[in-house]
Amino acid sequence: MIRTLCPALVSYSYESGNKHTQATYYIIDRTPSGQTTYTLTLTNTPHGVNSLVNARPPVGILTISGKWRVSGGQLVEEVEIDANFMMKKVAKSNLERVRPEQHVKLLWEAGAQA
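Here it is as structure tokens:
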């Protein structure tokens, strides 16, 4: 799931928690201006997976929380972005651009593991 959620992934390492219930990972991702680091927390719930990204870009703090659920064979994601106006606009644009492909990959991965 991490490789799918982070398409420009350079590396990641497990930080804390239980990988089967709730775990936090340290992510190094590629950006147009170099690399960025952030933490990603994934929580398994009875209804799906919750994700939480905490990043510190050069212009403030960025928090992206998501709830991933499967409904009627479709992957549905609810996203909340907490950031200043500019970072929120950039993050929202990026999510809208990459998420459809990520949804297809995640559904394929889930089917392959079943």
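Mapping the sequence shown onto my numbering, position 2 (from 1) lands on 351, and the numbers just tick up by one.
Using N, Cα and C, we set each Cβ at its ideal position, and we do this for glycine too.
Quick check on residue i: buried or exposed, where buried means 16 or more other Cβ atoms within 10 Å of its Cβ?
i	result
residue 457	exposed
residue 436	buried
residue 400	buried
residue 299	Residue 299 lies beyond the residue range present for the chain, which begins at 350 and ends at 463; the question has no answer from this structure.
residue 459	exposed
Would you kindly check if the distance between the Cβ of residue j and the Cβ of residue i is under 8 Å?
i	j	result
residue 353	residue 454	yes
residue 408	residue 389	no
residue 428	residue 413	yes
residue 406	residue 386	no
residue 373	residue 360	no
residue 379	residue 397	no
residue 426	residue 446	no
On a Cα-Cα basis, can you pick out the residue from the options that is closest to residue i?
i	options	result
residue 350	380, 386 and 392	392
residue 371	387, 395, 428 and 421	395
residue 420	432, 452, 448 and 442	452
residue 362	376, 355 and 356	376
residue 450	424, 440, 434 and 433	424
residue 381	369, 368 and 357	357
State the start and end residues of the unbroken beta strand (DSSP E) segment that holds residue i.
i	result
residue 352	It is not in any beta strand (DSSP E) - residue 352 instead sits in the alpha helix (DSSP H) that spans 351-354.
residue 550	Outside the shown range of the chain, which is 350 to 463, sits residue 550, and nothing can be said about it.
residue 405	Counting along the chain, residue 405 falls outside any beta strand (DSSP E), and DSSP gives it neither H nor E.
residue 370	Per DSSP, residue 370 belongs to no beta strand (DSSP E) and is neither H nor E.
residue 393	383-394
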